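Visitor:
In our numbering, the protein residues as written are 1 to 610.
Okay, here's the thing in structure tokens:
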């Protein structure tokens, strides 16, 4: 009660003209007012007329915004007013509230509500009804849920695959485009076997955007007549012809008769589409037979062509699961969803990159690595211990890395197709396992300069953008270099520019050459380079970021990018850093194109290497 006293004291002294008087209402029903137990009735002036609003005070007020209600339905159907009179007047996820002044918070919120009401009465925000169409649609009584994979960028009538699948004691309705591989995605996402269900004819109808398509408001229900009227008045002539062509065909044997589903798409003013659907059940007339008793093809007449007696219409809310929507929803780049990326090396760095490229939404990943996944790697590899061992006829064996990653990605990111190649690079190159014409980018993360120089030469002839990436020991840094991008000079080989009298060395390195960093815990068979999962993840992020920029055309050249870590542990172990490590992060970035060798035998005019 103390906060209410503070609120009322502040309201008495506030210089405001938004409301004239208020009355506190104690012990209101929290079920009717969204958890509020205390409210105020306030008198306001809207469009020159006196009106009353109810202000609900949430239990966490003033850390939580007050609620506002039109309890007497004075303003009728206006945008952002819900069926219980509640006004949705702000999105407060990032709003910072000064809890010292509860009265000011209430008055500021009231100002927003009054503006919303006046705009609604005057028709200024009427378009918001259409923008919130899907919200209103799913509030219809008896509205079901349909999980839909629909590419709304394809603006023509077409038939979709639609299943009704039993799930425990209920049913799941799933619709999707007729695309290869989506059945596997359905089974992975929804944990169902579509063979257990039955198919119903489903047609996608992209409508023309009329000036204002109003949704069903506050308990209204679109009946069949309204649904048909909206479709016929907003379907283009070309799409009507496509619709008639589909509905004249006999229903295939694997599709059930007695039902029809339509999904409607309407473009929004700022882009995107409203999606909503309807399931229509038809009287069961049984199978038609000819005079000799033979079953005839099912020629179910679509109810939009001829309405049958006894038709029932059920609204469907569309829960989208198409890849384009999911990528856009998470701020990703939709332009990479058709890309094919090859990753050579799937260890601590390459494995992290693999997961991140799948998360980014690329269409296909080809993984090349002949190594197995071992228990010793679980604390710096993205895969956990569940992917180490498998049972076989021979006993317990270890998985190879590429198949382990494929299993994980199929489970977590089923839209990305994964092709595992558990072979050494030289075998892949020799055997021609990959159609390089289909590849958009190659990422190499094996940390072996001699092999990587060979890969660089091979891919230079293929003219495929390539990223080489590696991590340095003991946390001092990591690198990623782009090569063969846009026919520009600069490639991995440039890092090994020969200096007169000196052996070849990587000029990007932070660690001075001729130092040994390998460790062995149980002998020669257990040697490894010491770096932590933080180092491999940071390097993977660096490489993934430049990979995405390269794929979408944002990076048009071949930069050398590096991150610097803490050198204390490195120095403590007696190791030495190069002059390049002394550069600041800004200097490293500014010099990202200065590594290029004008006499490089691979990307420039130098003597070619065989």
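Glycine included, C-beta positions come from ideal geometry on N, C-alpha and C. Remember, it's a predicted structure, so these values are computed and weren't measured experimentally.
For the beta strand (DSSP E) containing residue 313, list its first residue and its last residue.
Guide: Start and end: 312-320.
Visitor: Out of 359, 348 and 341, point me to the one whose CA is closest to residue 324's CA.
Guide: Closest option to residue 324, Cα to Cα, is 359.
Visitor: Report yes if the C-beta distance between residue 533 and residue 380 is below 8 Å; otherwise report no.
Guide: For residue 533 and residue 380, yes; Cβs fall inside 8 Å.
Visitor: Between which two residues does the beta strand (DSSP E) harbouring residue 241 extend?
Guide: Taken as a continuous stretch (DSSP letters only), residue 241 belongs to no beta strand (DSSP E), being part of the alpha helix (DSSP H) at 237-248.
Visitor: For residue 398, which residues from the same chain have a beta carbon less than 7 Å from its beta carbon, with the 5 sequence-adjacent residues on both sides left out?
Guide: So the qualifying residues of the chain are 372, 373, 374, 388 and 389.
Visitor: Roughly how many angstroms lie between the CA atoms of residue 498 and residue 581, to the nearest whole one?
Guide: Spanning the two alpha carbons is a distance of roughly 20 Å.
Visitor: Pairing CB atoms from the stretch 533-550 with CB atoms from the stretch 559-566, are three or more of them under 8 Å?
Guide: Contact holds: three or more Cβ-Cβ distances are below 8 Å.
Visitor: Could you tell me which of 267, 270, 313 and 201 sits nearest to residue 227, measuring between CA atoms?
Guide: When each option's Cα is compared against that of residue 227, the closest is 313.
Visitor: In angstroms with no decimal places, state the Cα-to-Cα distance between residue 592 and residue 429.
Guide: Approximately 30 Å between the Cα atoms of the pair.
Visitor: Per DSSP, which one or two residues make a beta bridge with residue 390?
Guide: 397.
Visitor: Suppose contacts are defined by Cβ-Cβ distances below 8 Å. Is residue 131 in contact with residue 268 by that definition?
Guide: Yes, these two residues count as a Cβ contact at 8 Å.
Visitor: Excluding the 5 residues preceding and the 5 following residue 556 in the sequence, name in chain order all residues of the same chain whose CB lies nearer than 8 Å to its CB.
Guide: Here the set comprises 485, 486 and 488.
Visitor: Grouping DSSP H, G and I as helix and E and B as strand, with all else coil, what is residue 329?
Guide: In this structure, residue 329 counts as helix in the three-state DSSP scheme.
Visitor: Going straight from the alpha carbon of residue 354 to that of residue 346, what length do you get?
Guide: Roughly 7 Å separates the two Cα atoms.
Visitor: If I'm right that residue 121 touches residue 75 with Cβ under 8 Å, what's the distance once you round it to whole angstroms?
Guide: Confirmed, Cβ separation roughly 6 Å.
Visitor: If residue 443 and residue 469 are in contact, beta carbons under 8 Å, what's the gap, nearest whole angstrom?
Guide: Contact flag correct, Cβ pair sits at about 7 Å.
Visitor: Mind pulling the alpha helix (DSSP H) runs of 4 or more residues that sit fully within the stretch 104-189?
Guide: Counting only runs of 4 or more, we get 127-131 and 133-137.
Visitor: Looking at residue 200: is its Cβ nearer than 8 Å to the Cβ of residue 256?
Guide: Against a cut-off of 8 Å, the Cβ pair of residue 256 and residue 200 comes out as a contact.
Visitor: May I ask you to list the residues that DSSP assigns as paired with residue 466?
Guide: 442 and 483, per the DSSP bridge assignment.
Visitor: From residue 252 to residue 246, what does the alpha carbon distance come to, in whole angstroms?
Guide: Near 12 Å, if we compare the C-alpha coordinates of residue 246 and residue 252.
Visitor: Three Cβ pairs or more, each shorter than 8 Å: is that satisfied between the stretch 330-347 and the stretch 158-172?
Guide: Not touching, per the Cβ criterion.
Visitor: Compute the distance between the beta-carbons of residue 224 and residue 133, then report whether it is under 8 Å.
Guide: No.
Visitor: Would you call the stretch 135-143 and the stretch 154-167 in contact, with 3 or more CB pairs under 8 Å?
Guide: No: the two stretches stay apart, fewer than three of their Cβ pairs being nearer than 8 Å.
Visitor: Report the option in 55, 176, 395 and 29 whose CA atom is closest to the CA atom of residue 68.
Guide: The candidate whose alpha carbon is nearest that of residue 68 is 55.
Visitor: If we count the other Cβ atoms within 10 Å of its Cβ and call it buried at 16 or more, is residue 356 buried or exposed?
Guide: Residue 356 should be labelled buried.
Visitor: Using a 10 Å radius around the Cβ and a threshold of 16 neighbouring Cβ atoms, would you call residue 35 buried or exposed?
Guide: By the neighbour-count rule (16 or more Cβ atoms within 10 Å), residue 35 is not buried but exposed.
Visitor: Give the single residue among 315, 362 and 282 whose Cα lies nearest to the Cα of residue 143.
Guide: Nearest option by C-alpha distance: 315.
Visitor: On a Cα-Cα basis, can you pick out the residue from 81, 78 and 115 that is closest to residue 47?
Guide: Selected option, being the one with the closest Cα: 115.
Visitor: On the three-state DSSP scale, how would you describe residue 7?
Guide: Helix.
Visitor: What do you reckon, is the C-beta of residue 128 under 7 Å from a heavy atom of the ligand FAD?
Guide: What this structure holds is no ligand at all, so the ligand FAD is not there to describe.
Visitor: Since residue 446 contacts residue 452 with CB under 8 Å, what's their CB separation in whole angstroms?
Guide: Contact flag correct, Cβ pair sits at about 6 Å.
Visitor: Who does residue 80 pair with in a DSSP beta bridge?
Guide: Looking at the DSSP assignment, residue 80 forms no beta bridge with any residue, so it has no partner.
Visitor: What residue from 187, 272 and 250 has the CA that sits closest to residue 206's CA?
Guide: Of the candidates 187, 272 and 250, the one whose C-alpha sits nearest the C-alpha of residue 206 is 272.
Visitor: So is residue 20 buried or exposed if we call it buried at 16+ other beta carbons inside 10 Å?
Guide: Looking at its Cβ environment, which holds fewer than 16 other Cβ atoms inside 10 Å, residue 20 is exposed.
Visitor: Using a Cβ-Cβ cut-off of 6 Å (strictly less than) and excluding sequence neighbours within five positions of residue 263, which residues of its own chain qualify?
Guide: Closer than 6 Å at the Cβ level, and outside the excluded window around residue 263, lie 204 and 277.
Visitor: What are the start and end residues of the beta strand (DSSP E) that includes residue 280?
Guide: Residues 273-281.
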